[in-house]
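Okay, structure first, notes after.
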Amino acid sequence: MSEKVLMKGNEAIAEAAIRAGCRHYFGYPITPQTEVAAYMAKRMPKIGGTFLQAESEIAAINMVYGVSAAGLRVMTSSSSPGISLKQEGISYLAGSDLPALIVNVQRGGPGLGGIQPSQSDYFQATKGGGHGDYHLIVLAPASVQEMADLTVKAFELADRYRMPAMILADGTMGQMMEPVVLPEESGVTVEKPWALTGTKNQRSHNIVNSLYLVPEKLESINLERYKRYEAIMKNEPSCESYLMEDAEICIVAFGIAARVAKNAITAARAKGIRVGLIRPITLWPFPSEAVAEAAKRVKAFISVELSMGQMIEDVRLAQSCQRPVYLCSRTGGMIPSPEDVMESIEKLTGGEL
Amino acid sequence: MYTQILIAGFGGQGILFAGKFLAYQGLIEGRQISWLPSYGPEMRGGTANCSVIVADTPVGSPIVSKPDILAVMNLPSLDRYESEAVPGAKVFVDSTLVERRLEREDVTPYYIPATKLAKDSGMPSLANMILMGKLIRETGIVSFKDIRRGLEKVVSVRHQDLLELNLKALSMGYDYKPGTAYQLNP
């Protein structure tokens, strides 16, 4: 096993992407994700890759489109306002069935918002963001180790299902340092017979496109794509279950919120309150089955989020509102404290909620 | 062991570096650790702080809001965080830059004129490490005999010449005793 090193989450994403075979990065600086771009700027020229600071986020995502169409692993990264700018390009990637990695190290919004951590782009990431019928694979790391591991996984899933994938992190995940064991160089090349690599007069030409003016054709393409989405929803949901065996209350939280929740769970358990955690690792596909399964045993759910309550809707949907779901959240760059979460737990057990 | 450390001061005092050194030293000693900086405008001269957790169990939230160990290098930081420290906390104060004493009586204060010591010894940018030396002595959060290994990780390759100076600063803090000639701001 390779050595544990201390790295910022943002740097871990960049290094893991390189080790996953990504040699093309296009971005535009924005706090709190700038270290991804800075790391790429330093490393890419040394390994024959491309680092390009585009003139805007919109330009960057369209450069991603180009490289992906040529069949290569490619990524961009930004933070919330910058990700909003990229939405048109993301929809085009989805509509053209192109794999790519988009990293969103979220900050408070809406608008230009602030620079402190947030999870308020959950809706944007999981429910569309851009126009049209499409999904992104959305992965939510909760440690620097996962920032690295899920970056590799995102590239793999994106290639396997021919669609864009997103890492949905936040300012704390990007800025914090933790020990990380970096993934090995993959060296794997994925066959992409659809890519625009030149026919060399040996095959008919490939077309990468998202424009279909005949509605019957567009419908059939969308239906085809949704068959792939069905397979993803069946095969790829992933979550961590923590102390759920005997839990009466289930907290659902991802990323930094899940780590805060774990502190609260330790405190609650010390008081004899049986609380557990489901931590979605994939936000799309949402781990609905795990939540539905938990609903059979727990009395209630608490959704802990850094937003006004967005994932809470999926927690309700996943178990068809069989059990009540309460919200414990802060917004605008504030982070709920373990004490905030504990207060929600105690209100719930005390019958106040 | 699950120790939450908060280091705070002005941007440019090496707050984040001091935290990074503790974190790496903890990692070398086989602990679970996390390091979380304040970021953004702070890096350009405002207030800076960093949360470090050194533990034997996995680290939950990396945000330190109730420190077991607090080190402050300016008055605004003491004003802001004194009330947040847990009862029984150890609080390290750069007494050159912080003129007041602690108001709380349920925490243990250590006053070290780190900035003055650093200046007098010709290493004005290393007050942070003098403070860390004292912190290591009084808390045992990491082992002092191994500090060179941690320093080697955090002092960049370009600046390895600064390694010895950092070691000197750490030792100065480690050996500092109130009431000695060093203490100019009793």
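Those protein sequences? They're chains A and B, same order as listed. All residue numbers for the first sequence refer to the working numbering, where the first residue is 1 and numbers rise by one. All residue numbers for the second sequence refer to the working numbering, where the first residue is 354 and numbers rise by one. Backbone N, C-alpha and C define an ideal beta-carbon position, used for all residues, glycine too.
For residue i, does the count of other Cβ atoms within 10 angstroms reach 16, so buried, or fall short, so exposed?
i      : result
A:Q202 : exposed
B:V510 : exposed
A:P280 : buried
A:F301 : buried
A:K217 : exposed
B:D459 : exposed
B:G372 : buried
A:L365 : With chain A running from 1 to 353 in the structure shown, residue 365 of chain A is simply not present.
A:H135 : buried
A:L112 : exposed
A:D149 : buried
A:E178 : buried
A:N263 : buried
A:I47  : exposed
B:G367 : buried
A:Q322 : exposed
B:D409 : exposed
B:G528 : Note that residue 528 of chain B corresponds to Asp in the displayed sequence, not to Gly. Label assigned to B:D528: exposed.
B:P390 : buried
A:K296 : exposed
Which one or two residues does DSSP pair with residue i in a beta bridge?
i      : result
A:K8   : A:M177
A:S120 : DSSP output for A:S120 lists no bridge partner at all.
B:K443 : B:I422 and B:T461
A:G114 : Answer is none; A:G114 lacks a bridge partner.
A:H24  : A:T50 and A:V74
A:G240 : The question names Gly, but residue 240 of chain A is Glu in the sequence shown. Its beta-bridge partners are A:R279.
A:L327 : A:S303
A:I251 : A:L277 and A:I302
B:G362 : B:A401
B:Y355 : B:A408
B:P390 : B:C403
A:L101 : A:M75 and A:A165
A:D170 : A:Q106
Going along chain B, which residues have a C-beta under 7 Å from residue i?
i      : result
A:R274 : Residues of chain B passing the Cβ test: none, with the nearest at roughly 18 Å.
A:S337 : S418
Quick one: which chain A residues come within Cβ less than 8 Å of residue i?
i      : result
B:A376 : L6 and M177
B:S387 : M176, M177 and E178
B:L380 : K4, L6 and P179
Using only alpha-carbon positions, find the residue among the options that is nearest to residue i.
i      : options                           : result
A:P164 : A:P193, A:I221 and A:A69          : A:A69
A:A100 : A:Q116, A:R160, A:D149 and A:G49  : A:R160
B:G383 : B:K530, B:G503, B:S524 and B:N519 : B:G503
B:L380 : B:Y392, B:I406, B:L359 and B:G365 : B:I406
B:N427 : B:G441, B:Y463 and B:E452         : B:E452
B:A522 : B:L479, B:H512, B:V495 and B:P531 : B:L479
B:P440 : B:Y434, B:D421, B:S430 and B:D432 : B:D421
B:L516 : B:L375, B:R501 and B:P466         : B:R501
A:P110 : A:Y92, A:R274, A:V304 and A:F123  : A:F123
B:Y392 : A:K8, A:S210, A:T189 and A:P287   : A:K8
A:V74  : A:V275, A:I61, A:L85 and A:I251   : A:I61
A:L6   : B:P531, B:V507 and B:T461         : B:V507
B:L518 : B:T449, B:F445, B:M476 and B:L431 : B:M476
A:F254 : A:R269, A:P193 and A:S303         : A:S303
A:E88  : A:G129, A:I115, A:T50 and A:A268  : A:G129
A:L98  : A:I273, A:R225, A:R316 and A:K347 : A:R225
A:G132 : A:S96, A:T151 and A:D121          : A:S96
A:Q319 : A:L306, A:I345, A:Q310 and A:V291 : A:V291
A:A12  : A:Y28, A:T50, A:N209 and A:V103   : A:V103
A:V298 : A:S307, A:K271 and A:T349         : A:T349
A:A20  : A:E156, A:V325 and A:T34          : A:E156
List, in order along the chain, the chain B residues whose C-beta lies closer than 9 Å to that of residue i?
i      : result
A:V260 : G413, S414 and I416
A:N263 : G413 and S414
A:C331 : Residue 331 of chain A is actually Thr in this sequence, not Cys. Simply none; closest approach about 16 Å.
With DSSP collapsed to three states, give me the class of residue i.
i      : result
A:T372 : This structure cannot speak to residue 372 of chain A, because chain A is shown only from 1 to 353.
A:F286 : coil
A:Q106 : strand
A:N222 : helix
A:L213 : coil
A:I207 : coil
B:V417 : coil
B:L523 : helix
B:L484 : helix
A:L196 : coil
B:I368 : helix
A:V144 : helix
A:I335 : coil
A:Q319 : coil
What residues of chain A sit near residue i, judged by a beta carbon separation below 7 Å?
i      : result
B:P390 : Q175
Which chain B residues sit within Cβ distance under 8 Å of residue i?
i      : result
A:C172 : Reading off the sequence shown, one finds Thr at residue 172 of chain A, where the question assumed Cys. Correct list: L389, P415 and I416.
Just checking: is the beta-carbon of residue i within a distance shorter than 8 Å of some beta-carbon in chain E?
i      : result
B:L470 : The chain labelled as chain E is not found among the protein chains of the depicted structure, namely A and B.
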